[in-house]
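Protein chains in written order, with this note's numbering: chain A, 2 to 125; chain B, 2 to 125.
Don't be surprised by glycine CBs; every beta carbon is placed ideally from N, CA and C.
Heads up: the structure comes next, in structure tokens.
Here it is, written out as structure tokens:
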């Protein structure tokens, strides 16, 4: 058993949109990721996803039940849970550092495959 | 869908050792708790537990495979995952604020019942 420092783990990579695995428990992964810019719209059929902002500001865009686009500004020390099935798009005007909590095997781009899809995230 | 502020949720209670539920996803709970002093030695037969320190310093005591007692100092922005079956005891010389990720239904005192057991944590 050992402790994990979010800051130390975040210092091991600089690229955006590519989550790293930093912990595993109960079939879930704890990941860290850096976002900047606009991601791809997607959803996850079977996974809820938690986004906890470690540093910076995340804008989570999503489509509510009526199909209307909305967004939430999520700052340092705040989190949002995106339920399975909900179309969403993480965005960040400036770099934001985020902790993810989601089932092991969750694909970053959900139902979409594009150049930013990471099939097998690294463990750091 | 709404965001959750750790600071705002932490401001809603002052007591120690009584986790509050602040989120649920994939059958897991996100909880916040304040610790001060020494908790009871216990383990969880079926649940791994993550302790992420939001503010302060946590000393996690545990018994390793050989039965030897060890401890880890876990500071702000650090986490530790206690695997199922491992005897452990959270301690804090001064108040520490901790975020927990664990399966819904995880009992704070695990295999032990005592005056600090919380059968049904409140949602805040």
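Kindly list the residues whose CB is nearer than 7 Å to the CB of residue 59(A), restricted to its own chain and excluding five residues on each side of it in sequence; keep chain order.
-> 36, 52, 75, 91, 93, 97, 99
How about residue 48(A) and residue 104(A): are their beta carbons less than 8 Å apart?
-> Contact flag set, yes.
Listing by chain order, which chain B residues have their CB less than 8 Å from the CB of residue 37(A)?
-> At a beta-carbon threshold of 8 Å, none of the residues of chain B lie near residue 37(A); the nearest stands roughly 20 Å away.
Between which two residues does the alpha helix (DSSP H) containing residue 7(A) stretch?
-> 7-11
May I ask which residues mark the beginning and end of the beta strand (DSSP E) holding residue 1(A)?
-> Residue 1(A) lies beyond the stretch modelled for chain A, which goes from 2 to 125, so this question has no answer here.
Buried versus exposed, by CB contacts within 10 Å (16 or more), residue 110(B) | buried
For residue 5(A) and residue 68(A), the rounded distance between their alpha carbons | Cα to Cα, residue 68(A) sits roughly 39 Å from residue 5(A).
Can you give me, in chain order, the residues of the segment 39-54 of chain B that have a beta carbon less than 7 Å from any beta carbon in chain A?
-> 48, 49, 51
Pull out every residue of the segment 68-88 of chain A whose Cβ sits closer than 9 Å to any Cβ of chain B, in chain order.
-> Result list: 71, 73, 74, 75, 76, 78, 79, 80, 81, 82, 83, 84, 85, 87.
Please state whether DSSP places residue 121(A) in a helix, a strand or coil.
-> Per DSSP, reduced to three states, the secondary structure at residue 121(A) is coil, with no helix or strand assignment.
Using a Cβ-Cβ cut-off of 6 Å (strictly less than) and excluding sequence neighbours within five positions of residue 56(A), which residues of its own chain qualify?
-> 77, 98
Give the straight-line distance between the Cα atoms of residue 45(B) and residue 114(B), rounded to the nearest whole angstrom.
-> Their Cα atoms are separated by approximately 12 Å.
Taking a Cβ distance cut-off of 8 Å, strictly less, list which residues of the segment 2-32 of chain B are near chain A, in chain order.
-> From the segment 2-32 of chain B, only 2, 3, 4, 5, 6, 7, 8, 24, 25, 26, 27, 29, 31 have a Cβ closer than 8 Å to chain A.
Neighbour-count burial assignment, residue 107(B), 16 or more Cβ in a 10 Å radius | buried
Closest residue to residue 121(A) among 10(A), 19(A), 13(A), 8(A) (Cα-Cα distance) | 19(A)
Does the beta carbon of residue 104(B) sit closer than 8 Å to a beta carbon anywhere in chain A?
-> At a cut-off of 8 Å, the C-beta of residue 104(B) has a neighbouring C-beta in chain A.
Apart from the five residues just before and just after residue 112(A), which ones in its own chain have a Cβ nearer than 8 Å to its Cβ?
-> 43, 44, 45, 46
Nearest to residue 117(B) by CA position, among 31(B), 54(B), 39(B), 33(B), is which residue?
-> 39(B)
In three-state DSSP terms, what is residue 47(B)?
-> Residue state, collapsed to three classes: coil.
Same chain, Cβ closer than 7 Å to residue 84(B), five either side skipped, listed in chain order = 49
Check whether the Cβ atoms of residue 13(B) and residue 119(B) sit closer than 8 Å, and answer yes or no.
-> no
Along the beta strand (DSSP E) that carries residue 37(B), what are the first and last residues, could you check?
-> From DSSP, the beta strand (DSSP E) with residue 37(B) extends over 29-39.
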